[in-house]
Structure formats: C-alpha cells, structure tokens
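Colleague: Going line by line, the protein sequences match chains L and E. The opening residue of the first sequence carries number 1 in our numbering; numbering runs sequentially from there. The opening residue of the second sequence carries number 1 in our numbering; numbering runs sequentially from there. Below you will find the structure I want to go over with you.
Number of protein chains: 2
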Amino acid sequence: MTVKRELDPIAQLRHLCRQHGLRVTPQKIMIYQELQKALDHPSPEQLFQRLQRTHPELSLDTVYRTLSAFAEIGLVDLVEGYGTARRFDPRREKHHHFHCRKCGAILDFTSDQYDQLAIPASISRDCQVLNLRVTLEGYCKQCRSQTNI
Amino acid sequence: MTVKRELDPIAQLRHLCRQHGLRVTPQKIMIYQELQKALDHPSPEQLFQRLQRTHPELSLDTVYRTLSAFAEIGLVDLVEGYGTARRFDPRREKHHHFHCRKCGAILDFTSDQYDQLAIPASISRDCQVLNLRVTLEGYCKQCRSQTNI
DNA sequence: TTTTCTGCAAATCCTTTGCATATCC
DNA sequence: GGATATGCAAAGGATTTGCAGAAAA
Numbered sequence: 001m002t003v004k005r006e007l008d009p010i011a012q013l014r015h016l017c018r019q020h021g022l023r024v025t026p027q028k029i030m031i032y033q034e035l036q037k038a039l040d041h042p043s044p045e046q047l048f049q050r051l052q053r054t055h056p057e058l059s060l061d062t063v064y065r066t067l068s069a070f071a072e073i074g075l076v077d078l079v080e081g082y083g084t085a086r087r088f089d090p091r092r093e094k095h096h097h098f099h100c101r102k103c104g105a106i107l108d109f110t111s112d113q114y115d116q117l118a119i120p121a122s123i124s125r126d127c128q129v130l131n132l133r134v135t136l137e138g139y140c141k142q143c144r145s146q147t148n149i
Numbered sequence: 001m002t003v004k005r006e007l008d009p010i011a012q013l014r015h016l017c018r019q020h021g022l023r024v025t026p027q028k029i030m031i032y033q034e035l036q037k038a039l040d041h042p043s044p045e046q047l048f049q050r051l052q053r054t055h056p057e058l059s060l061d062t063v064y065r066t067l068s069a070f071a072e073i074g075l076v077d078l079v080e081g082y083g084t085a086r087r088f089d090p091r092r093e094k095h096h097h098f099h100c101r102k103c104g105a106i107l108d109f110t111s112d113q114y115d116q117l118a119i120p121a122s123i124s125r126d127c128q129v130l131n132l133r134v135t136l137e138g139y140c141k142q143c144r145s146q147t148n149i
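Structure follows, in structure tokens:
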C-alpha cells in the first residue's frame with residue numbers, strides 16, 4: 001500500500017499556490033504548463049517567446065514574477081543565475097561552497113567525500129567533463145538566527 | 001623528495017599569463033592581489049571599490065575584463081553567475097545537471113552516488129542546509145565534435 | 001469586497017563594446 | 001615596433017518596480 005505522493009502537475013500548482021496564499025491565475029497555469037513541456041531549462045525570455053504564439057497577451061514581466069514566485073514556493077527550481085552578480089574565487093586548493101540564500105555569503109569548506117565523486121557513465125560517454133562542483137544552499141549562521149527559520 | 005608545486009601567487013599569475021599570451025600589467029597584478037586578500041568571493045564591482053582607495057585610476061571595465069581573462073586561463077574560479085540569464089527546471093524527481101560551457105545546454109542525469117552525499121559537519125554545525133546540488137561542467141556531445149577540444 | 005495579480009512603461013543593475021591612447025614584450 | 005591592454009563613455013541585456021486597471025477568493 002503506497003501513499004499517493006504524485007499529484008498531476010496542475011494539482012500540485014494549485015495546492016502549493018493556495019498553501020502560500022498565491023492566487024491561481026490563467027497566467028500561472030499557462031506558464032507552468034509551458035515549462036513542464038520544456039526539456040531545456042528555459043529562461044524567462046525563452047518561455048515568454050514560446051507562449052506568445054498561443055498567448056500574445058501575456059507579458060514578459062509576468063513571466064519573471066511568476067517564475068520567481070514558483071521558485072520561492074518550491075514548485076520549480078532555479079538552476080542557473082542564482083545571485084545578482086558574478087563572483088570570483090582565487091583559492092586553488094580543492095574545496096566546495098555553501099551559499100546563503102539570504103545574505104549571499106559564500107563559505108568555503110573541504111570534503112574528501114565530495115572530492116572523490118565519480119562522473120556517471122551516462123554523461124562521460126558523450127560529454128567532456130572539465131569540472132565537478134558541489135554547492136550547498138541554505139541559511140548561514142547569522143541569517144539563521146536573525147530570521148526565525 | 002617532493003616536487004615543488006606551489007609557486008607564490010604572483011609567480012602563478014605571470015606564468016599563466018605568459019603561457020596564454022596575456023601581458024602582465026600592473027592592473028592584472030593589483031586585481032589579483034586584491035582578490036587573493038578577499039575571503040568573500042567578491043564581485044567585480046566590490047573588487048573595484050576596494051581597489052579604488054589605493055588605485056583611483058583603475059577602471060571598472062578593466063576589472064571585468066581582467067577577471068574574465070583570469071577565469072579563462074584557470075587562474076581564478078567563477079563561483080556564481082555563470083550563464084547570461086536565469087534558467088528554470090520543473091522536474092521534481094531527484095536529478096543533477098551537466099552544463100555545456102559552449103552552448104549553454106543543461107542536461108539532466110540521475111546518480112545514486114550523488115543522491116547519497118552527506119552534509120559535512122563543519123557546515124551543518126552552523127548553517128541550515130536546504131539543498132545540495134552537484135553540477136558538472138564541460139562540453140556536450142555536439143560542441144565537443146564541432147570544436148576540436 | 002478585498003487583496004492580489006497583471007500589463008505597461010520606465011528604471012535599474014550588471015556586463016560588454018568601440019575606440020583612441022598607452023603599455024608590455 | 002607591433003600587438004595587446006586600458007580608460008572612457010556609451011550601448012546592451014536581464015531583471016525589477018510603480019502604478020492603474022482587472023481578476024481571483
């Protein structure tokens with residue numbers, strides 16, 4: 001007897017929106033459906049262009065606002081372009097990073113376990129892999145205590 | 001008898017620049033030194049502001065150009081703000097990503113090994129970790145064959 | 001009915017570019 | 001001396017914001 005965990009995507013959308021006090025609008029639905037169809041991890045602009053064919057009345061800033069809201073409630077994942085500006089690291093020793101979601105701090109740490117990770121065959125078969133990076137994300141010490149998260 | 005691997009940072013800078021046909025200028029040196037001093041993975045703008053105190057003649061776009069060049073020759077690492085736009089992912093199943101450096105494609109893959117990674121105590125002690133992400137970086141099938149990399 | 005959302009337009013922020021001059025090798 | 005780098009200013013691209021009208025709960 002398994003618990004039913006998977007709702008259909010739109011039911012998920014409704015559920016999460018209501019849970020977070022967001023309204024379920026036609027725009028939210030069309031944006032979410034278009035993103036579901038996409039296999040290429042699109043940008044707001046790309047999604048907007050695809051939707052324009054069928055929904056010319058939709059505006060780009062609604063796509064931005066909607067995707068941000070979705071990411072906040074955990075309905076979708078931001079997989080590129082987290083912070084607001086480029087950041088650089090001069091350390092040459094093997095290490096990894098923790099990123100604070102609130103203040104943007106990036107903390108270094110080392111981990112033998114992470115250093116020893118292998119590249120899955122499904123990827124190394126076709127792609128040339130030059131780098132593996134493990135990134136932790138959450139709230140740092142200060143932000144954790146300031147907010148009551 | 002150990003081979004000497006670690007040159008002092010400025011020697012590294014000179015070495016890598018020459019190796020890649022880049023000139024060693026006072027600007028490159030001051031930018032690299034300031035980045036070495038920083039423990040916070042600064043943005044170009046932040047680095048520029050810090051340098052202005054002592055080098056008011058330095059320009060922001062030189063900081064941008066220089067940091068990009070450093071990242072290209074592998075002297076420093078870009079640790080935030082890789083792509084040009086935000087990208088979103090609707091998949092709710094556990095998975096990881098490969099990012100192509102040339103065309104920007106993001107490929108999904110699964111890995112039990114990656115799913116089972118632990119959070120190091122040095123981080124979980126102070127920080128609240130909400131997410132762990134493994135990202136592979138390199139050249140995808142198409143880009144690998146097009147370029148001769 | 002009330003609060004939130006949307007579309008529009010303008011603003012903002014980050015990054016890149018063109019060009020003339022200065023500089024490294 | 002010749003190729004590359006720099007500084008300046010302007011352009012470009014991505015994202016955010018203020019506001020008034022529209023729509024969801």
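C-beta atoms are modelled at their ideal positions from N, C-alpha and C, and glycine is treated no differently. Please read these numbers as outputs of a predicted model, since none were measured by experiment.
(1) Please say whether Pro-42 of chain L and Arg-87 of chain E have beta carbons closer to each other than 8 angstroms?
(2) Counting only beta-carbon atoms, is Arg-87 of chain E nearer than 8 angstroms to chain L?
(3) Given a threshold of 16 other Cβ atoms within 10 Å of its Cβ, counted over all protein chains shown, does Ile-149 of chain E qualify as buried or as exposed?
(4) Residues of chain E with a CB under 9 angstroms from the CB of Thr-135 of chain L: which are they?
(5) Under 8 angstroms: do the segment 5–25 of chain E and the segment 130–142 of chain L share three or more Cβ pairs, one atom per stretch?
(6) Could you tell me whether the Cβ of Asp-115 of chain E comes closer than 8 angstroms to any Cβ of chain L?
(7) State the Cα-Cα distance for the pair Ser-145 of chain E and Gln-128 of chain E, rounded to the nearest angstrom.
(8) Can you tell me whether Asp-61 of chain L is buried or exposed? The criterion is at least 16 other CB atoms within 10 Å of its CB, across all chains shown.
(9) So that I know if they touch, is there some Cβ in chain L lying closer than 8 angstroms to that of Ala-118 of chain E?
(10) Please decide whether Arg-144 of chain E counts as near chain L, where near means a Cβ-Cβ distance under 8 angstroms.
(11) Indicate whether at least one CB of chain E lies closer than 8 angstroms to the CB of Ser-111 of chain L.
(12) Taking the alpha-carbon positions, what's the Leu-75 of chain E to Lys-141 of chain L distance?
(13) On the three-state DSSP scale, how would you describe Glu-93 of chain E?
(14) Return the Cβ separation of Val-63 of chain L and Ile-31 of chain L in integer angstroms, given the expectation that the two are a contact with Cβ distance under 8 angstroms.
(15) Taking only runs of the beta strand (DSSP E) that begin and end inside the segment 56–103 of chain E, which ones reach a length of at least 3 residues, in chain order?
(16) From the DSSP output, read off the bridge partner residues of Arg-133 of chain L.
(17) Using 8 angstroms as the threshold, is the segment 112–123 of chain L in touch with the segment 111–123 of chain E, meaning 3 or more CB pairs across them?
(18) With 16 as the cutoff for other CB atoms within 10 Å, does Thr-66 of chain E come out buried or exposed?
(19) Residues of chain E with a CB under 8 angstroms from the CB of Phe-98 of chain L: which are they?
(20) Please list, in chain order, the residues of the segment 16–27 of chain E that have any C-beta partner in chain L closer than 7 angstroms.
(21) With 16 other CB atoms within 10 Å as the buried threshold, where does Glu-45 of chain E fall?
(22) For Leu-119 of chain L, which of helix, strand or coil comes out of DSSP?
(23) Ignore the nearest five residues each way along the sequence and tell me which others in His-97 of chain L's own chain have a CB closer than 6 angstroms to its CB.
(24) Rounded to a whole number of angstroms, what is the C-alpha to C-alpha distance between Met-1 of chain L and Leu-7 of chain L?
Modeller: In brief:
(1) If you number the second sequence from 1, residue 87 of chain E lands on position 87. If you number the first sequence from 1, residue 42 of chain L lands on position 42. Yes, the Cβ-Cβ distance between Arg-87 of chain E and Pro-42 of chain L is below 8 angstroms.
(2) The residue you call residue 87 of chain E lines up with position 87 of the second sequence. Arg-87 of chain E counts as touching chain L.
(3) Counting from one through the second sequence, the residue named residue 149 of chain E turns up at place 149. Note that Ile-149 of chain E has pLDDT 46, beneath the 50 cutoff, so the model's placement of it is unreliable and the number below is only indicative. With fewer than 16 Cβ atoms within 10 Å of its Cβ, Ile-149 of chain E is classed as exposed.
(4) Here the question's residue 135 of chain L lines up with position 135 in the first sequence. Per Cβ cutoff of 9 angstroms: Val-79, Asn-131, Leu-132, Arg-133, Val-134, Thr-135.
(5) no
(6) Here residue 115 of chain E refers to the residue found at position 115 of the second sequence. False, the Cβ-Cβ gap to chain L never drops below 8 angstroms.
(7) Taking the first residue of the second sequence as 1, we reach residue 145 of chain E at position 145. Taking the first residue of the second sequence as 1, we reach residue 128 of chain E at position 128. Ser-145 of chain E and Gln-128 of chain E: Cα-Cα distance of roughly 42 angstroms.
(8) Translated into positions along the first sequence, residue 61 of chain L becomes position 61. With fewer than 16 Cβ atoms within 10 Å of its Cβ, Asp-61 of chain L is classed as exposed.
(9) Taking the second sequence and counting its residues from 1, one reaches residue 118 of chain E at position 118. Yes, Ala-118 of chain E lies at the interface with chain L (some Cβ there is under 8 angstroms from its Cβ).
(10) As a first step, residue 144 of chain E is located in the second sequence; it is residue number 144 there, counting from the start. Judged by the 8 angstroms Cβ criterion, Arg-144 of chain E is in contact with chain L.
(11) On the first sequence, position 111 is the one that residue 111 of chain L refers to. For Ser-111 of chain L, the answer is yes, since a Cβ of chain E falls inside 8 angstroms of its Cβ.
(12) Here residue 75 of chain E is taken as the residue at index 75 of the second sequence, counted from 1. Here residue 141 of chain L is taken as the residue at index 141 of the first sequence, counted from 1. Taking the straight line from one Cα to the other gives about 30 angstroms.
(13) As a position in the second sequence, residue 93 of chain E is number 93, starting the count at 1. Residue state, collapsed to three classes: coil.
(14) Numbered from its first residue, the first sequence carries residue 63 of chain L at position 63. Numbered from its first residue, the first sequence carries residue 31 of chain L at position 31. Confirmed, Cβ separation roughly 6 angstroms.
(15) 77–80, 87–89, 96–100
(16) As a working mapping, residue 133 of chain L is identified with position 133 in the first sequence. Arg-133 of chain L is bridged to E:Thr-135.
(17) yes
(18) In the second sequence, the residue the question calls residue 66 of chain E occupies position 66. It is buried - the Cβ of Thr-66 of chain E has at least 16 other Cβ atoms within 10 Å.
(19) Your numbering for residue 98 of chain L matches position 98 in the first sequence. Ordered by position in chain E, the residues that pass the 8 angstroms Cβ test against Phe-98 of chain L are Ile-123, Cys-127, Val-129.
(20) none
(21) In the second sequence, residue 45 of chain E corresponds to position 45, counting from 1. Result: exposed.
(22) Looking up residue 119 of chain L in the first sequence gives position 119. Reading off the sequence, residue 119 of chain L comes out as Ile, not Leu. DSSP places Ile-119 of chain L in coil when its eight states are reduced to three.
(23) As a working note, residue 97 of chain L is residue 97 in the first sequence. Excluding residues within five positions, the ones whose Cβ falls inside 6 angstroms are Ile-106, Thr-135.
(24) For the purposes of this step, residue 1 of chain L is taken as the residue at position 1 of the first sequence. For the purposes of this step, residue 7 of chain L is taken as the residue at position 7 of the first sequence. Its pLDDT being 48, under 50, Met-1 of chain L is placed unreliably by the model, and the measurement read from it follows with that caveat. Computed Cα separation, rounded: 17 angstroms.
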